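Following: one structure in C-alpha cells, then a few remarks.
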Amino acid sequence: MAVNEPGSGRGVRVRSIATPLVGILLLAAGGAAYVWRAIHEPYSGFDGEIFVPIEKGSTSAEIARLLASRGVIRDEWRFMAARALRPSVVLQAGEYEFREPASVWQIQDRFIGGDVYYYAVTIPEGSNLFDTAKILASLDWIAEEDVIAEAQSPSLIADLDPAAENLEGYLFPSTYHVTRGASAGEVCRMLTAEFRKTWASLGSGAAVRDTVTLASLVEKETGQGGERPLVSSVFHNRLRRGMRLECDPTVIYAAILEGRYDGVINQSDLDSPHPYNTYRHTGLPPGPIASPGAAALRAALEPEESGYLFFVAKPDGSGGHEFSETLSAHNRAVARYRRGIREAKRQETARRLSSPEGSGESN
C-alpha cells in the first residue's frame, strides 16, 4: 500500500476500473456492430433461382440449417442471431423462391410476411371436371384422382344448387394462384368460391342449376364470344317449342361419363338412351356438362332476340356458325358446310402432293 510522504506531493496510487470497463464496452459494441453487419449482408450461394419449402412446425434452427445447405444464407448463426433480435414474430410456412442475394434480415422479413411462391394454373372456359382434374394434376403435388374424388361431393355448392350431384359446372374457369401443398379440396373450394362471386355479380334471381346447365351448352358450342347470345337464343327458342336441343357436346359428355368416347360422335352415341343425350331427350340435360365462364352465364340469362332454331359450323375454320330459322335453310347451310369441308380436304391433299415432301422429290 502506498502512503503519502510529507512534502512529496504524490498521492496514493489506486488501480482504476475505468480502463477495462471501457474496453469491454468497446468490445461489446464492436461485436454488436459485426453481428448487425453480418445479418444485413446480402448473400447468394446459388445460381439462377431455387425454391425452398418451409414446413409447418419447423424450428428456427431447422430453417437456418436448410437455408445454409441450399446456399441461401452464408452461416446458420447469422439466421439465429437475427431471430434472437425479434423472438416473438412468427415465420410463415410455405414454399419460397430465391433469385437474388439477400440478407438474413430480409429473408426473415419475407418469412414474417408470408411472401410465399404461388403457382399459376389456368382452367379454360368449357372445361369439365375431368379436364379440370387433369389440369390441376400439373401441380405435381395434386393427384388427378383426388380432384375427381373431391368434385364428386356437391357440398361446396349444395346451398345454391340443392339438386347438384357433384361440382360439375361450378369449378369456375379462371387463372388461380396456388401455394405448394394446397390440397385438392382446398383448390376446389377456391374454384367454387370464384363461381359464387361471379354468380352474385350477375344479380340474377334465375334458377342456378338451369342457368349453369344452359350456359355450359352455350360455352361448348361456340368459342366466339359474340355468338354466345345467338347460340343461347337457339336453345331458348327450341325449349319454348318443346324441341329437342340436339346439342352435340351433350352426346360427347354422355359418352365420356360411360367411358366410351373415342374422339368422334358415332351413330351409337346419337342413339344412346343416356339422360345427357339431347338427341333422344327433350329439355335441358340433367345438369351442366362443363364449367361456363361469365360471358356464357350472361348469355344464358340474356339471349339475343331471334327466330333462329338451327345453327351449323362454317367450313372456313373460323369457329363461327351459320344460323337458320327453318329446317330447309338449315339443310342448305349443312350442305354448304359439307362442300366446304370436302373442298378444304381436296386443297390440303393437293398442297401435300405438290410439296417436295409429298411428291417424293429430293434435291
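For the sequence shown, position 108 matches number 107 in numbering that gives the first Met the number 0, and the numbering has no gaps at all.
For every residue, glycine included, the Cβ atom is placed at its ideal position computed from N, Cα and C.
The structure presented is a predicted model; accordingly, all values stated were derived computationally and were not measured.
- Query: Fully enclosed by the region 58–89, which alpha helix (DSSP H) runs are 4 residues long or longer?
  - Reply: 59–68 and 75–84
- From what residue to what residue does the alpha helix (DSSP H) around residue 253 run? In the sequence shown, residue 253 corresponds to position 254, counting from 1. Counting along the chain, the alpha helix (DSSP H) containing residue 253 begins and ends at 247–256.
- Item | Simplified DSSP assignment, three categories, for residue 96 | In the sequence shown, counting from the first residue as 1, residue 96 sits at position 97. It is a strand residue.
- Can you say whether residue 124 is buried or exposed, counting buried as having 16 or more other CB atoms within 10 angstroms of its CB? As a working note, residue 124 is residue 125 in the sequence shown. Classification of residue 124: buried, given that the 10 Å Cβ count is 16 or more.
- Helix, strand or coil for residue 354, going by three-state DSSP, please let me know. Here residue 354 is taken as the residue at index 355 of the sequence shown, counted from 1. It is coil, neither helix nor strand.
- Which two residues bound the contiguous beta strand (DSSP E) that contains residue 310? As a working mapping, residue 310 is identified with position 311 in the sequence shown. 309–312 is the extent of the beta strand (DSSP E) around residue 310.
- Query: In its own chain, which residues sit with a C-beta less than 6 Å from the C-beta of residue 389, not counting the 5 before and 5 after it?
  - Reply: The structure shown has nothing for residue 389, since the chain only spans 0 to 362.
- Message: For the alpha helix (DSSP H) containing residue 234, name the first residue and the last one.
- Response: Here the question's residue 234 lines up with position 235 in the sequence shown. From DSSP, the alpha helix (DSSP H) with residue 234 extends over 227–240.
- Query: Where in the region 166–216 do unbroken runs of the alpha helix (DSSP H), each at least 4 residues long, occur, reported from the N-terminal end onward?
  - Reply: 183–201
- Query: Are there 16 or more other CB atoms within 10 angstroms of the CB of residue 299, so buried, or fewer, so exposed?
  - Reply: As a first step, residue 299 must be located in the sequence shown, where it is residue number 300. Burial call: buried.
- Task: Tell me whether residue 9 sits in a helix, a strand or coil according to DSSP, three-state version.
- Result: On the sequence shown, position 10 is the one that residue 9 refers to. At residue 9 the pLDDT is 49, less than 50, meaning the model places this residue with poor confidence; the figure from the coordinates comes in the next sentence. Here residue 9 sits in coil by DSSP.
- Item | Three CB pairs or more closer than 8 Å across the region 32–41 and the region 50–67 | no
- Query: Looking at the unbroken beta strand (DSSP E) that takes in residue 267, where does it start and where does it end?
  - Reply: By one-based count along the sequence shown, residue 267 stands at place 268. Counting along the chain, residue 267 falls outside any beta strand (DSSP E), though it belongs to the alpha helix (DSSP H) covering 266–270.
- Cα separation between residue 322 and residue 308? For the purposes of this step, residue 322 is taken as the residue at position 323 of the sequence shown. For the purposes of this step, residue 308 is taken as the residue at position 309 of the sequence shown. Spanning the two alpha carbons is a distance of roughly 8 Å.
- Query: Excluding sequence positions up to five away, which residues of its chain have a Cβ less than 7 Å from the Cβ of residue 140?
  - Reply: Position 141 of the sequence shown, counted from the start, is the residue given in the question as residue 140. Cβ within range, chain order: 179 and 180.
- Distance, residue 182 Cα to residue 95 Cα: The residue you call residue 95 lines up with position 96 of the sequence shown. The residue you call residue 182 lines up with position 183 of the sequence shown. Distance between the alpha carbons of residue 95 and residue 182 is about 18 Å.
- Message: Mapping the DSSP letters down to three states, classify residue 323 as helix, strand or coil.
- Response: On the sequence shown, residue 323 is found 324 positions in, with the first residue counted as 1. Strand at residue 323.
- Which residues bound the beta strand (DSSP E) around residue 121? Reading the sequence shown from its first residue, position 122 is the one you call residue 121. 117–121 is the span of the beta strand (DSSP E), which, as asked, contains residue 121.
- Query: Any heavy atom of the ligand FMN closer than 7 Å to the Cβ of residue 188?
  - Reply: Inclusion of the ligand FMN in the displayed structure is not the case, the ligand content being empty and no account of it being possible.
- Message: I'd like the list of long-range same chain contacts for residue 344, defined as Cβ closer than 8 Å, with 5 residues on each side in sequence excluded.
- Response: Position 345 of the sequence shown, counted from the first residue, corresponds to residue 344. Excluding sequence neighbours, residue 344 sits near nothing in its chain.
- Who are residue 49's beta bridge partners in DSSP? Here residue 49 is taken as the residue at index 50 of the sequence shown, counted from 1. 97, per the DSSP bridge assignment.
- Message: For residue 42, list the residues DSSP reports as bridge partners.
- Response: Taking the sequence shown and counting its residues from 1, one reaches residue 42 at position 43. Answer is 101, bridged to residue 42.
- Please report the residue range of the alpha helix (DSSP H) in which residue 130 lies. Here residue 130 corresponds to residue number 131 of the sequence shown, with the count starting at 1. Residue 130 -> alpha helix (DSSP H) spans 128–135.
- May I have the straight-line CA-CA distance separating residue 248 from residue 100, to the nearest angstrom? The count along the sequence shown starts at 1 and reaches residue 248 at position 249. The count along the sequence shown starts at 1 and reaches residue 100 at position 101. Cα-Cα distance, rounded: 53 Å.
- Query: When you compare each of 242, 208, 211 and 265 to residue 277 by their alpha carbons, which one comes out closest?
  - Reply: Position 278 of the sequence shown, counting from 1, holds the residue named residue 277. Closest by alpha carbon: 242.
- Ends of the alpha helix (DSSP H) at residue 147? Mapped onto the sequence shown, residue 147 falls at position 148. First-last of the alpha helix (DSSP H) with residue 147: 143–150.
- CB-CB under 7 Å to residue 283, same chain, minus the five flanking residues each way: which ones, in chain order? On the sequence shown, position 284 is the one that residue 283 refers to. Contacts found: 209, 212 and 213.
- Query: Which residue from 175, 170 and 333 puts its Cα closest to that of residue 120?
  - Reply: As a first step, residue 120 must be located in the sequence shown, where it is residue number 121. Closest option to residue 120, Cα to Cα, is 175.
- What are the boundary residues of the alpha helix (DSSP H) that residue 295 is part of? The count along the sequence shown starts at 1 and reaches residue 295 at position 296. That run of the alpha helix (DSSP H) goes 293–300.
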